[in-house]
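Report on the structure given below.
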Amino acid sequence: METLKNLRKFTYVVILAMICTFSSQATHIRAGEFSARRLSSTTLEYEITLVLYYNSLSAAAIPPYGGDVLVEFGDGESARVYRSAPIDVGNNTSKNVFVTKHLYGGLGKYIVRMSEANRNGNIVNIPNSDFVRFYVEMQIWINSSFGLNDSPVMTVPPVDFGNVNKIYTHNPGAYDPDGDSLSYELIPAQSNIGAQIAGYNYPGSPVFGGQSTLGGPAFLTLNASTGDIVWNTPSDAGAVPRYYNLAIKITEWRYGTAIGYIVRDMQIEIKQEDNFPPVLAMPKDTCIEAGKLLLSTVSASDPDGNRVKLEAYGQTFELSAPSVKSTFPTIGPVINPTGQYTWQTRCSDVRRQPYQVIFKASDQDATPILTDVRTWLIYVKGPKITGVTATPGFDFVTLNWSPYTCSADATKINIYRKDCDPAVPVSDPCTTGPLAGYVLVGNAKGTDITFTDTNKGTGLSKGKSYCYILVAEYPAPAYGESYPSDQVCAQLNRDVPVFSQMDVTVTSATAGEVFLKWYKPSAASVPGSYTYDVERGVGLNPTTFTTIAAGISDTVYTDTNIDTKNTIYSYRIKLLNNNLKTTYVPLFDLTAVAGNAQAILNWTYKTPWTTDSVQIYRKINVAGTFTKLITLPSSAVTYTDNAVTNCDTVYYYLHQYGSYCDDALKAIATQISAIDSVLPLDDNPPPAPALSVVGCNGDITVFQNVLNWTNLSNPQCDIIDHYNIYFATHNTDELGLLRTIPTGTTTYTHINMQTTAGCYQVSATNVAGVEGARSDKICVDDCVDYRLPNLLTINNDGFNDLMRPFDVPQGAPRGAELVRFSVYNCWGALVFFKDTDPNIMWNGSLNGTPLSDGIYYYNAEVHFYGRVNKDDEVKNLKGWVQLLTTK
Numbered sequence: 017m018e019t020l021k022n023l024r025k026f027t028y029v030v031i032l033a034m035i036c037t038f039s040s041q042a043t044h045i046r047a048g049e050f051s052a053r054r055l056s057s058t059t060l061e062y063e064i065t066l067v068l069y070y071n072s073l074s075a076a077a078i079p080p081y082g083g084d085v086l087v088e089f090g091d092g093e094s095a096r097v098y099r100s101a102p103i104d105v106g107n108n109t110s111k112n113v114f115v116t117k118h119l120y121g122g123l124g125k126y127i128v129r130m131s132e133a134n135r136n137g138n139i140v141n142i143p144n145s146d147f148v149r150f151y152v153e154m155q156i157w158i159n160s161s162f163g164l165n166d167s168p169v170m171t172v173p174p175v176d177f178g179n180v181n182k183i184y185t186h187n188p189g190a191y192d193p194d195g196d197s198l199s200y201e202l203i204p205a206q207s208n209i210g211a212q213i214a215g216y217n218y219p220g221s222p223v224f225g226g227q228s229t230l231g232g233p234a235f236l237t238l239n240a241s242t243g244d245i246v247w248n249t250p251s252d253a254g255a256v257p258r259y260y261n262l263a264i265k266i267t268e269w270r271y272g273t274a275i276g277y278i279v280r281d282m283q284i285e286i287k288q289e290d291n292f293p294p295v296l297a298m299p300k301d302t303c304i305e306a307g308k309l310l311l312s313t314v315s316a317s318d319p320d321g322n323r324v325k326l327e328a329y330g331q332t333f334e335l336s337a338p339s340v341k342s343t344f345p346t347i348g349p350v351i352n353p354t355g356q357y358t359w360q361t362r363c364s365d366v367r368r369q370p371y372q373v374i375f376k377a378s379d380q381d382a383t384p385i386l387t388d389v390r391t392w393l394i395y396v397k398g399p400k401i402t403g404v405t406a407t408p409g410f411d412f413v414t415l416n417w418s419p420y421t422c423s424a425d426a427t428k429i430n431i432y433r434k435d436c437d438p439a440v441p442v443s444d445p446c447t448t449g450p451l452a453g454y455v456l457v458g459n460a461k462g463t464d465i466t467f468t469d470t471n472k473g474t475g476l477s478k479g480k481s482y483c484y485i486l487v488a489e490y491p492a493p494a495y496g497e498s499y500p501s502d503q504v505c506a507q508l509n510r511d512v513p514v515f516s517q518m519d520v521t522v523t524s525a526t527a528g529e530v531f532l533k534w535y536k537p538s539a540a541s542v543p544g545s546y547t548y549d550v551e552r553g554v555g556l557n558p559t560t561f562t563t564i565a566a567g568i569s570d571t572v573y574t575d576t577n578i579d580t581k582n583t584i585y586s587y588r589i590k591l592l593n594n595n596l597k598t599t600y601v602p603l604f605d606l607t608a609v610a611g612n613a614q615a616i617l618n619w620t621y622k623t624p625w626t627t628d629s630v631q632i633y634r635k636i637n638v639a640g641t642f643t644k645l646i647t648l649p650s651s652a653v654t655y656t657d658n659a660v661t662n663c664d665t666v667y668y669y670l671h672q673y674g675s676y677c678d679d680a681l682k683a684i685a686t687q688i689s690a691i692d693s694v695l696p697l698d699d700n701p702p703p704a705p706a707l708s709v710v711g712c713n714g715d716i717t718v719f720q721n722v723l724n725w726t727n728l729s730n731p732q733c734d735i736i737d738h739y740n741i742y743f744a745t746h747n748t749d750e751l752g753l754l755r756t757i758p759t760g761t762t763t764y765t766h767i768n769m770q771t772t773a774g775c776y777q778v779s780a781t782n783v784a785g786v787e788g789a790r791s792d793k794i795c796v797d798d799c800v801d802y803r804l805p806n807l808l809t810i811n812n813d814g815f816n817d818l819m820r821p822f823d824v825p826q827g828a829p830r831g832a833e834l835v836r837f838s839v840y841n842c843w844g845a846l847v848f849f850k851d852t853d854p855n856i857m858w859n860g861s862l863n864g865t866p867l868s869d870g871i872y873y874y875n876a877e878v879h880f881y882g883r884v885n886k887d888d889e890v891k892n893l894k895g896w897v898q899l900l901t902t903k
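Residue numbers (the numbering used here): 17 to 903.
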């Protein structure tokens, strides 16, 4: 028995030791993150990589422990993934890489995640960290509209060092292999999906104390665009070394949409030593043309004279063909190291976002090892298109250029135009894309070498010079643009007339007039005297034209007896000398819309000259005089006039001024619109009318209700369009629309031959379609009278021979729809019953046999067609009737 007891004690101790050993082994994970790579364009298979950094002094980090983790793929499936051989990265830390593949079944968002026991101990901002699970996640969004996508990749290890009271800097060295934009944000550390660690605080939180070098409490910032972390400064309170963990969410963006993210959980070890971090000497952020060699020098020094290790991270060191990797050899540790960054850029490197190169200088002769981390931004721009020429045609310009250097990488070449401004644009080494003042007029393929500008099919105008630049555009998701080409300009030959004036001089639906004026062609292009045809089309973009004046030699013409009030016309001139025609020019199209004490003007125009300004003229009412209201820039296409009064008729026209940039055409060119008018009105909801209703008032011969209400119309400016009458039979019913009454009428007679019971309301609707409040509800009841006699004399003398209601000269009694009538003798036996007929018409018989004289008792259940109070629609009348067979 004693032996058995000792054996039980021994077994308990062994089990307890195993539990303790497991607990100590399980506290080891310092930092980590996921990444993913799409393996095929035809399947949804991904290579998923998890990198974890272990405390290598923990037994849990030493093989065979820590060799596998459970990865959940976000689609309900999971797998246990095994690591490759651990890599010692110094400072008692090992890098452990877990790689697996997973095939997803369809499109969607998937959260790839792992949660493992446990974190290392002594993490200041995670209470009881050695009992808290380590967790990271990554979102993969498989969406056909985004195309193929790989996750961001980190290049700088997530385990770092800092010193108390010294500024700490870090950058994760993230890049996106697809060229997607990245953003960075701090999030609370988690222990599982959606589970923020209880008691977690960010490093730099006031709860940890510390002072910044700028004065005030310590703080920690993360640059959302570059990922630069600055902690100014770690507190000296508490024992060292101290550990802090920081979770960074790195989101990738494409087409302005977040398409996935990864979460890095990193660790910062803070020590307290008499040591200052080294200082980097960095180049300025730079822009370089693709195809050129980038050379730059980076150096570092240490205030304490310590040896410094200088190294670099970033995407440019990870590039694959056809791009070429950059180089920067790790230097040191040496005193004041200096290194040269070298990168032979290629066309495939062009993108909108900058490349980030992270330089890290770390001192090596002191504890802790302190660092200075800086980010250098490199923008790779496409080379400009060269050899551009511009050749004018009749109403077009043909552009030609040399084959583009990066035609295999650029998706298209955008053509930008600027009119009448041959000044050479000024650009700088970091400016790509279109320059100010240029408008996109078309594009060509990246491999094209020619483009014809026809002004999108409408033709270019004579009398102008046209200047062009070309910009190559690179594909999504990296995008990117080239430097603008050198500007080239061309001016069309003036071999046709050129309009100089196009004014609506009379606005009328039948007698309108338009005055036209034009310049002669250039004598150098077309010699001799000139004759013209004037042609007119209907609309802003007519397809057919009618000759309205033939063979005229003058340069002015007035088009008469046309509808300038409701119709827009376009005009062109045909030069009979060569049968060439001008580009058509439409009239100024002005539309004015009334509001509440305002008028909103909108317009469109298309002129062959360059517009300098647009002037608005206004007059109030017919008797007024037009005066200039305001002068607007040529870009204006709308104006709101808030200085008008409701019920005034306001008239407007527009006068546009411009000029040609041809030295031979110096006079001002003008265009005047037709006159348009508006009547501003108050569009606020009308008030509620006051309603009165006159019903039958006890007169059973009246079968109508007469409604009257106050007149809301203003005889000087009637804004009421109509009135609305609402009705319901019962006072508890919801009122519905009975009918509408036009403005000017304030009475309505509602006729109903069955019942006059009902409730009414009236509202007004203004000309803007806005209905106002309803009047008070007015209810009237029907006039009903249903009484029965108490004597029947059955002798066929025409008096009292029938049981029927009083005062019913003809037809049914007023308001009664049906009556259920029962008669009983003095012993309670039913002797007569009749249903539905409100007139009853009983002759005192039972089945055709006259009843004996005597007193009989009746019950009449009367149903009325309608009463305001629904409970009054059924009435029970009880009484007696004496039956006599003789007078």
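We put the CB at the ideal spot given by N, CA and C, even for glycine.
Which whole-angstrom value is the C-beta distance of Ile183 and Thr249, which I expect to be below 8 Å? 6 Å between Cβ atoms; contact.
Below 8 Å, how does it come out for the segment 364-375 and the segment 223-231: are there three or more Cβ pairs, yes or no? no
From Thr571, Pro829 and Ser524, pick the residue whose C-alpha is nearest to that of Pro513; which is it? Thr571
Can you find the residues in the same chain that come closer than 6 Å, C-beta to C-beta, to Arg7, ignoring five residues on each side of it along the sequence? Only positions 17 to 903 of the chain appear in this structure, which leaves residue 7 out of reach.
Alpha carbon to alpha carbon, how far is Gly220 from Ala255? Give it in angstroms, no decimals. 17 Å
Can you tell me whether Val180 is buried or exposed? The criterion is at least 16 other CB atoms within 10 Å of its CB, across all chains shown. buried
Buried versus exposed, by CB contacts within 10 Å (16 or more), Ala439: exposed
Please state whether the Cβ-Cβ distance between Val152 and Phe50 is less than 8 Å. yes
Separation of His738 from Lys891, as counted between CA atoms: 41 Å
Classify Ala907 as buried or exposed, calling it buried when 16 or more other Cβ atoms lie within 10 Å of its own Cβ. The displayed coordinates of the chain run from 17 to 903. Any statement about residue 907 would go beyond what the structure contains.
So who's on the other strand from Gly398, going by DSSP bridges? Ser498
Beta-carbon proximity list for Gln720, same chain, < 6 Å, skipping 5 on both sides: Thr765 and Ile767
With 16 other CB atoms within 10 Å as the buried threshold, where does Cys842 fall? When all chains shown are included, Cys842 counts as exposed.
Sufficient close CB pairs (3 or more, under 8 Å) joining the segment 438-453 to the segment 495-503: yes
For the beta strand (DSSP E) containing Tyr277, name the first residue and the last one. Thr273 to Lys287
Report all residues from its chain with a CB closer than 6 Å to the CB of Asp851; omit the five preceding and five following residues, and keep chain order. Arg836
Cutoff 7 Å; reference Leu119; Cβ partners in own chain excluding five residues on either side: Thr59, Leu60 and Glu61
In the DSSP assignment, what are the bridge partners of Ser312? Answer is Tyr357, bridged to Ser312.
Assuming contact is defined by CB atoms lying nearer than 8 Å, are Tyr200 and Ile266 in contact in what I supplied? yes
Can you list, in chain order, the residues of its chain with a C-beta nearer than 6 Å to that of Pro233? Leave out the 5 residues immediately preceding and following it. Pro222
My guess is that Asn618 and Thr654 are in contact by the Cβ rule of under 8 Å, so how many angstroms apart are they, rounded? Correct: roughly 5 Å between the Cβ atoms.
Applying the 10 Å Cβ sphere with the 16-neighbour rule, what's the burial state of Asn885? Under this definition Asn885 is an exposed residue.
In the segment 863-903, which residue ranges form an unbroken alpha helix (DSSP H) of at least 4 residues, counting only runs that do not cross its ends? none
Between which two residues does the beta strand (DSSP E) containing Asp749 stretch? First-last for Asp749: undefined, no H or E at that position.
Are the beta-carbon atoms belonging to Val350 and Gly398 less than 8 Å from one another? no
Taking Cβ positions only, does Pro219 come closer than 8 Å to chain D? The question asks about chain D, but that chain is absent: this structure has only one protein chain.
For the beta strand (DSSP E) that Leu197 lies in, which residues bound it at each end? Note that residue 197 is Ser in the sequence shown here, rather than Leu. DSSP places Ser197 inside the beta strand (DSSP E), whose first and last residues are Ser197 to Ile203.
Local conformation of Ala240 per DSSP, three classes: coil
Can you tell me whether Ile158 is buried or exposed, with buried defined as 16 or more other CB within 10 angstroms of its CB? So Ile158 ends up on the buried side.
Residue nearest to Leu296 in terms of C-alpha spacing, selected from Thr762, Ser315 and Lys894: Ser315
Less than 8 Å between the C-beta atoms of Pro696 and Ala613, yes or no? Yes, Cβ-Cβ distance for Pro696 and Ala613 is below 8 Å.
Sort out for me which residues DSSP pairs His738 with in a bridge. Pro758 and Thr781
Could you give the residue range of the beta strand (DSSP E) that holds Cys422? Run containing Cys422: none; DSSP gives neither H nor E here.
Do Ile203 and Glu132 have their CB atoms nearer than 8 Å? no
Can you look up Leu765 in the DSSP assignment and give me helix, strand or coil? Residue identity check: residue 765 is Thr in the sequence provided, not Leu. In this structure, Thr765 counts as strand in the three-state DSSP scheme.
Presumed contact (8 Å Cβ cut-off) between Phe177 and Thr387, rounded CB distance: 7 Å
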